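K.L.:
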Amino acid sequence: MVRGSVGVIFGETGTLDFKMLVSDSTAVHRGAYVKAWHETDGWVLAQVMNITRSSDSFTIEEAKAGQRKDKSDDRIVAEAIVIGTRDNDGMLRSPVIPFSPGDLIYVADEGLIRSVLGLVGKDMNIGMLEGTGIKVQLSVNSLVQKHCSILAKTGSGKSYTAAVILEELIDRDIPLLIIDPHSEYASLKTEATDDQEVFKKYGVTPKSYADRVKVYTPANRAINPDADEVFRLNGMNLTVKDLTSIFPDNFSTTHTGILYEAIQSLRAEMETYTIDDIIFAVSNDKSKAKWTVINMLETIKETDILSPNPTPIEALVQKGKVAILDFKGVPPDIQSMIVAQLCSNLFEARKLDKVPPGMLVVEEAHNYAPEKGFSKTVSTDILRTIASEGRKFGLGMMVISQRPARIDKNVLSQCGTQIIMKVTNPNDLKAISKGLEGVNSYVEDELMRLPPGVAMLVSTEIERPVLVDIRIRRSKHGGESVNVLKAAQTMSPPPPPPSATKIPTVEESRAQIPETPAAQPPVVETADVEEETVKKTPPPKRKPSRPPKNEGGKLFTKIFGGGK
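Residue numbers (full-length UniProt numbering): 1 to 564.
1) Should the region 235 to 244 be called in touch with the region 347 to 363, which here means at least 3 C-beta pairs below 8 Å?
2) Given a cut-off of 8 Å on the beta-carbon distance, is the pair leucine 457 and valine 136 in contact?
3) Pull up the distance between the alpha-carbon of asparagine 345 and that of leucine 383, whole angstroms please.
4) Taking 8 Å as the cut-off, does the region 166 to 179 touch the region 311 to 330 (at least 3 CB pairs, one atom from each stretch)?
5) Quick one, are the C-beta atoms of isoleucine 165 and isoleucine 126 less than 8 Å apart?
6) Can you look up valine 445 in the DSSP assignment and give me helix, strand or coil?
7) Within this structure, are the beta carbons of valine 144 and glycine 478 separated by less than 8 Å?
8) Look up lysine 214 in the DSSP assignment and give the residues it is bridged to.
9) Rounded to a whole number of angstroms, what is the C-alpha to C-alpha distance between valine 8 and aspartate 445?
10) Determine the closest residue to asparagine 50 out of Lys71, Glu130, Val28 and Ala63, with distance taken between C-alpha atoms.
11) Using a Cβ-Cβ cutoff of less than 8 Å, which residues in the same chain neighbour methionine 448 once the five nearest sequence positions on both sides are dropped?
12) Which complete alpha helix (DSSP H) runs does the region 116 to 182 hold, if anything under 4 residues is left out?
13) Consult DSSP for methionine 296 and reduce its assignment to one of helix, strand or coil.
14) Quick one: is the Cβ of valine 6 within less than 7 Å of any heavy atom of the ligand MG?
15) Please check if any C-beta of chain B sits within less than 8 Å of the C-beta of threonine 205.
16) Per the DSSP calculation, threonine 85 is bridged to which residue(s)?
17) With lysine 153 and glutamine 402 assumed to form a contact (beta carbons below 8 Å), what rounded beta-carbon distance in angstroms separates them?
18) Let me know the secondary structure DSSP gives alanine 262 once reduced to three states.
19) Does the distance from the C-beta atom of tyrosine 216 to that of threonine 311 stay below 8 Å?
20) Between the beta-carbon of lysine 146 and the beta-carbon of threonine 385, is there less than 8 Å?
21) The beta strand (DSSP E) spanning valine 28 covers which residue range?
22) In the DSSP assignment, the alpha helix (DSSP H) including arginine 384 goes from what residue to what residue?
23) So, at 6 Å on beta carbons, what are the nonlocal neighbours of alanine 518 in its own chain, with the 5 sequence-adjacent residues on each side left out?
24) Do you know whose CA, among Val362, Val378 and Phe231, lies nearest cysteine 415's CA?
25) Identify whether lysine 536 lies in helix, strand or coil by the three-state DSSP scheme.
26) Arginine 474: buried (16+ other C-beta within 10 angstroms of its C-beta) or exposed?
27) I need the straight-line Cα distance from phenylalanine 374 to aspartate 381, nearest angstrom please.
28) What's the call for arginine 68, buried or exposed, on a 16-neighbour Cβ count within 10 Å?
29) Would you mind listing the alpha helix (DSSP H) stretches within the region 385 to 424 that are 4+ residues and don't spill past its ends, in chain order?
30) Skipping 5 residues on each side, what residues in its chain have a beta carbon closer than 8 Å to that of methionine 236?
31) Report yes if the CB atom of valine 140 is closer than 8 Å to the CB atom of arginine 114, and no otherwise.
32) Count the other CB atoms, across all protein chains shown, that sit within 10 Å of the CB of glutamine 264; report buried if there are 16 or more and exposed otherwise.
33) Per the contact definition of three or more C-beta pairs closer than 8 Å, is the region 85 to 99 in contact with the region 19 to 28?
34) Pull up the CB-CB distance for isoleucine 470 and threonine 161, whole angstroms please, since I reckon it's below 8 Å.
35) Could you pull out every residue in the same chain whose Cβ sits closer than 8 Å to the Cβ of lysine 541, ignoring the five residues on either side in sequence?
36) For aspartate 89, tell me which candidate among Val107, Lys64 and Val116 has the shortest Cα-Cα distance.
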């Protein structure tokens with residue numbers, strides 16, 4: 001075999017795949033990129049999909065003895081698929097004439113790999129092509145305008161990968177608005193402290209983005225004291241739609257009618273009104289169903305999310321800035337309402353060019369845009385709209401989820417770039433295979449074997465799915481799992497319960513009372529009388545009382561209301 005070659009084509013060949021006998025087992029492995037010279041197309045790039053090794057001289061007796069020193073006669077066979085080559089116009093072409101048995105195979109060089117796969121001239125460095133030292137770069141414009149999804153099972157590194165992409169976007173002054181349910185992205189403020197050798201491997205340096213990042217909390221500052229500012233929605237002149245969208249399943253036609261009449265009466269009397277005014281107006285209604293409406297309005301009021309001085313969308317979306325909406329301590333229903341209102345305001349502001357082009361990042365997207373049949377949220381419609389129309393106005397969206405099967409398919413299908421890490425759930429694998437371009441059964445098998453930190457990249461900018469070793473973060477990772485054992489060992493013991501304090505007996509209490517003079521009548525302690533009474537007179541036996549028939553139902557109706 002010619003020096004420098006790693007194999008030779010043999011057997012039946014085609015234009016899309018071939019088999020090769022491997023001569024250098026150290027250079028050819030599953031997933032390796034190789035090249036072959038084609039008589040009409042020149043150098044053609046291919047990738048090894050499967051590889052086997054066998055020996056005819058190794059007998060059963062030798063196997064039983066476990067002795068084998070000579071492996072020179074092993075036969076290593078690899079199956080490769082043809083990716084193609086670039087023509088003079090830069091278009092990817094596959095050969096129309098099959099390869100010839102006997103054609104030599106070589107390890108593909110970096111230039112051919114980058115050219116054929118489409119890794120040339122990109123902006124963002126997200127990692128290296130698995131098994132090589134070739135950087136994988138993406139186009140910022142394409143990523144933002146055509147949306148992006150990051151999908152993986154929990155613990156596979158989806159939030160870490162998302163932060164790597166966000167760092168690249170921040171470095172290029174792209175405005176970011178992040179929906180953060182688990183307080184994971186505030187760590188962008190802190191510089192990473194990993195081994196310096198790892199940073200050198202990926203060609204990056206540690207960095208803090210504290211001057212770019214601001215964390216907002218919709219909850220009370222006591223719940224989230226680390227937040228920079230409080231986030232509030234507009235609480236003035238709320239409409240029936242605004243209020244019913246928070247608890248869509250709890251409002252019946254009767255409840256909506258009561259709310260509508262109350263708001264109409266307020267509009268006739270005053271120019272501006274608050275939720276307190278709405279509660280007062282509803283209380284004047286004669287229907288018993290008003291109590292249900294008042295209860296829901298009080299629940300909304302107690303969240304303190306509504307304010308006459310709301311957080312302007314222009315303060316959240318600014319060039320080169322990152323706004324993180326930290327939902328720590330916020331109930332799920334209120335989260336969905338906030339996302340719906342916030343995203344609607346963002347979309348309208350972008351259409352009117354009140355805010356610069358940027359990207360909306362939605363962590364745990366299956367909670368805010370669930371697939372039909374799983375759950376229903378008020379934020380689904382606006383997220384669908386941004387996914388389908390946002391690129392017209394320069395508003396991109398990144399959806400991140402550990403349950404691809406539960407994300408609305410209309411949202412997921414609009415993502416032009418998919419970064420998929422390890423997935424093992426059969427329903428999630430099926431959803432990925434059906435909903436994303438370029439994904440087939442081979443990809444499903446590959447996704448189940450991916451190690452942590454390695455992702456499959458499927459993009460309209462890259463010719464075929466590729467495996468990427470995601471680079472190390474510049475900033476500190478904020479999504480580490482809690483070390484339960486370490487936390488248990490470092491926690492201080494709890495204080496003794498109140499029951500551990502000894503309560504003095506009646507006799508001990510008497511001993512502490514000073515004696516009274518003989519001339520004065522003794523003072524009888526109430527506790528003594530009660531104690532003696534309890535000892536001498538047992539309580540009378542009584543039958544448990546029962547309310548009159550149907551009184552329970554009447555009482556429930558009186559308190560909570562009813563009727564249609």
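Glycine residues also receive a C-beta, built at the ideal position from the N, C-alpha and C atoms. Here the structure is a predicted model, which is why all the values come from computation and not from measurement.
P.N.:
Reading from the atomic positions:
1) no
2) yes
3) 12 Å
4) yes
5) yes
6) The question names valine, yet the displayed sequence has aspartate at residue 445. Three-state DSSP puts aspartate 445 in a helix.
7) no
8) Ala323
9) 27 Å
10) Val28
11) Lys422, Val423, Thr424 and Leu429
12) 140 to 145 and 158 to 171
13) helix
14) For the structure depicted, the ligand MG is absent and the ligand set is empty, with no information on it obtainable.
15) Any reference to chain B falls outside this structure, which holds one protein chain only.
16) Arg93
17) 6 Å
18) helix
19) yes
20) no
21) Per DSSP, valine 28 belongs to no beta strand (DSSP E) and is neither H nor E.
22) 380 to 389
23) Residue placement at alanine 518 cannot be trusted, given a pLDDT of 49 that sits under 50; what the coordinates show is reported in the next sentence. Result list for alanine 518: empty, nothing under 6 Å.
24) Val362
25) Because lysine 536 carries a pLDDT of 44, less than 50, the predicted location of this residue cannot be relied on, and the following value inherits that uncertainty. Correct three-state label for lysine 536: helix.
26) buried
27) 15 Å
28) exposed
29) 409 to 412
30) Thr272, Tyr273, Thr274 and Pro308
31) no
32) exposed
33) no
34) 5 Å
35) Its pLDDT being 48, under 50, lysine 541 is placed unreliably by the model, and nothing is read from it.
36) Val116
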